[in-house]
Amino acid sequence: MADQVVDRPVAGAGQFFGRQRELKALRADIERAGLDTLSGRKAPRARVLLIAGRPGSGRTSLAEELVASLAAKYPDGVLRARLTEPGGTPVPTERTARELLDALDIAGPAGADGDELAEMVREALAVRRVLLLLDDAVDAAQVDPLLPENPDCLVVAVARGPLTGIPDVRPCTLGGLDPKSAIELLQSHTGSVRITVDPQAAETLTEVCGGQPAALVLAGAWLGARPKASVADLAKRLHAQPGEPVARAFRLLHDSLPQPSARILRLLSLAPLGLADAHTASALAGCSVSSAQTTLDEFAALGLLRTAENGEYEVPGHIVPLLRQLVEEVERPAEVQLARARMLERTVRLLQSCRAVTEPEGSPARRRLAGLPRALRFTTPRSAAEWLRARQPVLLACARLAVADGELDTLARRLVAALVRALAAHRGTEAAAPELYGLHSLVLDVAERRGLHRERAAALLNLADLDAGTGRTEDALARYRAALDAGRAAGDPYAIGRAMESVGGSYQELGDWLRAADWYGRALAHRLARDERADQARLYGRLAAVNTYAGRYGEALRNWRAAASGHRRLADLPSYARALSEAARVQEYAGRPEECLRTCEEAVEWARRAGDVRLQAALQLRLADTLDRLGDPAAARLHRAAAERLLGGEPSACEIRSASVED
C-alpha cells in the first residue's frame, strides 16, 4: 500500500515514529457517539474513521498502525483494499469488490457489475465483525458502496481530503511530524552522530522537508549513503530545489544516481501496479538480470523502493507520479515504447511457459519449453500454478495497460491470449470465469479499435457464453446477435454457425420455442450446406427438443429420427441410443404407447451394443416407467432389476432416473 515507507525504514524496520496525538484522537472517535446514537436510533452502518493527508504524509502508515492495534477486537479479520492505482488512476468498484469477495472466499459471478458485487460485499459483511481498511480513496463514491451495513464493523479510510457525502465522518488530517519524531526518523537513517553534532541543522532539515515522512526518509537515505556529507549541506541543497518537499528530496536523490541506475528507476514507472522483480527491471532497461537485481537492492536501501512478497519490489505511490514526470522530461517516446514492449514480450513468454508445463511430456509445447532460457522455464506444474496465482493481479494489470496503450495491439492480443490459456490450463474455465470475462472484454476493445471482425466475433461469443452461464440471458442474446453480424463481416463460417445456434439456445432458455426452432433451423441449414455431419446431428436434436416443448410432436419425432440417423452414420452408438430414447419419449407424449415401447427397447439394445452400462441402465429404468404407464408392472419390475444388476455398487436407481439420458 501507499506511504508505508515511514514505519518500515531501511535502518529501523518495524518502527513507527510520532503520530501519538492522531492515534489517540482516532481511538477516541471510535467511542464517540454518532448522530444516530444521539437521535436515539441504532447505527445502521459501520463507523468510518478517515485519515486525510497528502501522499507522502505517512497516512497509510498511520492507518496500518491503528489497524494493528485494533485487529484483535475484530474476530473475522482485517480486509484491505487499495482504491487508487500507482499514478492516480481510480480502481473501479467492480474490481475492488471482487478482491474483497476473493479475500472472503466468496465467488463473484463473471461479468457482474460493480453494484451487484458491492451488494454481495455488504451482504457478506453484514454477518461478520471485520475491520475494513480502504486505502487511497479518491472520493466518497468509491467508499460508500463498500461500507458494511453492520455497526459491529469498523472502516478505516485513507484519502487526500474529506469524503463529502458520507455522514458522521470527521477527518483526522495529517500535517508534518512533530520536530522530535521527525528528527528520530531522520536519525534512524543517518545515525546519531551527525544529528548530535549539529542539532540546529537537523531541525532546519526537518523544516525544509516540511516534516513529511516520505521526504525525511529520502533525505535520510541520501545522507546514509554519504557518510562525509553534513546535514547542513543537505538542507542547503534541498532548499535550493524547486517544488514540494517530497519532490525536492526525490529529485536530489535521483540526480545523484549513476545514469544507468537512474534510467532503471525511471522505467520502473512502467511496471504494472508499481510492482517489479529483477526480470521485469531487466526487460524494461535491457540490462542483465544480475545487474538489475543489484540496482533494485540499492534502490530499496535508499527508500526508493519497498520490498514486497515473492522477491518483488514496490514503487511507493507518492514516487510513481514523480517518476512518470521524469520519463516525459528525459526519455524519448520511442525508447519508452521499446521498454514497454520488452516487458510485455517477456510476460508473454512466461505465460506460454506457464501453460506449456501442463502439457504431456514429449508434446510439441514441452519441446518448445525446453528451448527457452532457464529464467523463463517452470520446472513443475505446481511451481507454474503458484507463480500464476501470486502474479495474477499484476498479469491482469499488465493486460489492461497493454490494451490501453493503443500502439502495441498485436503484442496486447498475444499477451491476453497467453493469459487466457494459462488461466484455463491451471484453474479451469469455470473457476477462472471472472478473470476470463475481463480478458475477453479487452480483446473486444482491441478488435473494435482495429476493425478485426473475426476477433470481435470470437470475443463476443466468449462473453455471451459467460453471460449465459450466469443467467444474464438477455445480455447473452444481444451479444450472440452482434457476434453473428461480426462473423458475417469476417466471412467466418464457424462464428456464423456458432452464433446462430447460440441465439437459438438463448431463445430456448427464455422459453420462446418458436424463435428457438427458427434459429436452430437456420443453424442447421448452415451446417447442411457445409456437410458438417456431427453438428447436423446435434442440431437436429436441439431442434427436436424445442419442438417437443412447443407441443409439435410430429416435427419433434422427425427431428429425433434425423438426429438418430446422423449419429448412426457417424458410428456414435451411445448418441444413437439416446436419440432413440428421446424419440420414444415424444411418441409417448403423442399418445402412441406401443411405438414408444418398441423404440425404447431398441434404444436399450443399442446402448448394450455400445457397452455404455450407465446409459443402458438409465434406459432400462425409462423402459420400466413406460411399462408401468402401459399397465404391465411385472415387466417393469424385471427391467428395474436388470438396471440394478447393471449398476452393481454404483448409484441407486432413483439417482440414475434423476439423471437425464441426454447427459
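The numbering of the sequence shown is our numbering, which starts it at -4 and goes up by one. Positions of the beta carbon are idealized from the N, C-alpha and C atoms, including for glycine.
- With respect to the 9 Å criterion, Val343 and Pro81 are not classified as neighbours on the basis of their beta carbons.
- Non-local C-beta neighbours of Arg445 in its own chain, meaning closer than 8 Å and more than five positions away in sequence, comprise Asp404, ordered along the chain.
- Taken atom to atom, the span from the alpha-carbon of Val192 to that of Ser183 is near 15 Å.
- Residues of the same chain with a CB within less than 6 Å of the CB of Pro104, apart from the 5 flanking positions on each side, are Thr465 in chain order.
- Counting along the chain, Pro240 sits inside the alpha helix (DSSP H) bounded by residues Pro240 to Asp250.
- Under the three-state reduction of DSSP, Arg155 is assigned to coil, being neither helix nor strand.
- Counted as a single uninterrupted DSSP element, the beta strand (DSSP E) harbouring Asp131 occupies residues Leu126 to Ala132.
- Assignment of beta-bridge partners to Ala76 by DSSP yields Leu129.
- Here the alpha carbons of Val441 and Val398 stand approximately 7 Å from one another.
- Straight across, the Cα-Cα distance linking Tyr571 with Ala557 is about 10 Å.
- Look at Ile491 here: in three-state DSSP terms it is helix.
- Annotation for Thr201: no beta strand (DSSP E) segment contains it, though the alpha helix (DSSP H) segment containing it runs Pro194 to Val203.
- Residue Thr185 holds the alpha-carbon nearest to the alpha-carbon of Gly298 among Glu114, Gly536 and Thr185.
- Each residue's CA atom was taken as its position, placing Asp97 and Pro316 some 29 Å apart.
- Of the residues assessed, Gln503 falls on the buried side of the cut-off, its CB having 16 or more other CB atoms within 10 angstroms.
- For the pair Arg517 and Ala485, the Cα-to-Cα distance works out to about 19 Å.
- By the Cβ criterion, the stretch 282 to 290 is not in contact with the stretch 233 to 246, since fewer than three pairs of Cβ atoms, one from each stretch, lie closer than 8 Å.
- Going by DSSP, Val310 is part of no alpha helix (DSSP H) at all; its letter is neither H nor E.
- With fewer than 16 other beta carbons inside 10 angstroms of its own, Asp526 counts as exposed.
- Across the structure, Val86 and Glu430 are spaced so that their CA atoms are roughly 16 Å apart.
- With contact defined as three or more Cβ pairs closer than 8 Å, the stretch 457 to 476 and the stretch 135 to 147 are not in contact.
- Residue pairing by DSSP places Thr168 opposite Ala47 in a beta bridge.
- In the structure shown, Leu270 adopts extended strand secondary structure according to DSSP, grouped into three states.
- Between Leu447 and Leu406, the CB-CB gap reaches or exceeds 9 Å.
- Nearest neighbour of Leu318 by Cα position, chosen from Ala257, Ser251 and Ala477, turns out to be Ala257.
- With contacts defined as CB atoms closer than 9 Å, Thr199 and Gly48 fail to qualify as a contacting pair.
- Leu149 is bridged by DSSP to Arg42 and Leu126.
- Sorting Arg409, Asn305 and Arg369 by C-alpha distance to the C-alpha of Trp382 places Asn305 at the top.
- DSSP, read as helix, strand or coil, puts Pro316 in helix.
- Boundaries of the alpha helix (DSSP H) around Asp462: His448 to Gly464.
- In this structure, Leu180 is the residue among Leu180, Val125, Leu127 and Ala427 with its C-alpha nearest to the C-alpha of Arg14.
- Using a 10 angstroms sphere on the CB of Pro50, the tally of other CB atoms reaches 16 or more, which defines it as buried.
- Residues Arg54, Leu57, Ala58, Val153 and Cys167 of the same chain have their beta carbon placed closer than 6 Å to that of Ile46, with the five preceding and five following residues left out of the count.
- Ser436 is positioned such that its CB atom lies no closer than 9 Å to that of Asp460.
- For the pair of segments examined, the stretch 621 to 630 was found to touch the stretch 579 to 594: the number of CB pairs separated by less than 8 Å reaches three.
- Taken in chain order, the stretch 373 to 414 contains no complete beta strand (DSSP E) segment of 3 residues or longer.
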